[in-house]
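See structure below.
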Amino acid sequence: MTPSDLLTESFSRIPALVDRATDGLDPQQLAARPAPGTNTIAWLAWHTARGQDAQIAALAGSEEVWTADGWYGRFELPFGPDEMGYGMSAGDVTRVVATADLLSGYLEAVTAATVAYLGTVSGDDLDDVVDEAWDPPVTRGARLVSIVNDCLQHAGQANYARGILDRL
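Under my numbering, think of the first position of the sequence shown as 947, with each following residue one higher.
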């Protein structure tokens, strides 16, 4: 297995985890807080896809799926196209309202773009420094691991929130 294969396998598992959290819920349930001040399942699913999309597009030097494929318009969220959820207020989190199919579709499209990008990445490419603002500087490999880690954490949080919601 190559490093690209390993990363592809990792990223390819994320949609099923998010689908498990969103399956069968309507937009209001997806936008409900499992407890005061917590993130909603809709926000967690959306942010998982948006963070991955923005960061992979930056690595690939391509436009984000969010704007290139019209997902921004389909979601009709009250935010600009650059918003991805980092630093959002608690009030803004509740403004992310979407269907499970829309959330799933966007994440699937992002995953397809991620897998396509990973198919172009060699083992040597993983050592390329992509961000010198950190000490030590961040390599492409470290950034990819960071992205998949963030996505998996949010997918897990969405499933935890789903478990709480199912018991209410």
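For each residue, glycine too, the CB sits at the ideal point set by N, CA and C. These numbers were taken from a predicted model, which means no experiment stands behind them.
- A residue is called buried once 16 or more other Cβ atoms fall within 10 Å of its Cβ, and SER1050 is buried on that count.
- For the 9 Å CB-CB criterion, ALA1101 and VAL1042 do not form a contact.
- Counted as a single uninterrupted DSSP element, the beta strand (DSSP E) harbouring ASP1077 occupies residues 1075-1077.
- Rounded to the nearest whole angstrom, the C-alpha separation of GLN1099 and GLY1087 is 18 Å.
- Here ASN985 has VAL1039 as same chain residues with Cβ atoms under 6 Å from its own Cβ, once five neighbours each way along the sequence are excluded.
- For the pair VAL1056 and GLY1026, the Cα-to-Cα distance works out to about 19 Å.
- Bounds of the alpha helix (DSSP H) holding LEU1064 are 1046-1064.
- In this structure, ALA1104 lies away from THR1013, with their beta-carbon atoms at least 9 Å apart.
- Measuring C-alpha to C-alpha distances from LEU1005 to each of ASP1112, SER1092, TYR1018 identifies SER1092 as the nearest.
- Secondary structure within the stretch 947-1001: the alpha helix (DSSP H) runs of 4 or more consecutive residues, fully enclosed, are 949-958, 960-968, 973-976 (chain order).
- CA-CA distance, GLY1031 to TYR1018, rounds to 14 Å.
- Here THR1040 is not bridged, per DSSP, to any residue.
- Distances from the alpha-carbon of MET1034 to those of ARG966, TRP992, ALA1079, ARG959 put TRP992 closest.
- Measuring C-alpha to C-alpha distances from GLY1016 to each of TYR1052, ALA1046, ALA1036, ALA1003 identifies TYR1052 as the nearest.
- A straight-line Cα-Cα distance of about 21 Å links GLU1010 and ASP1071.
- Counting only the Cα atoms, ILE1002 lies some 10 Å from ALA995.
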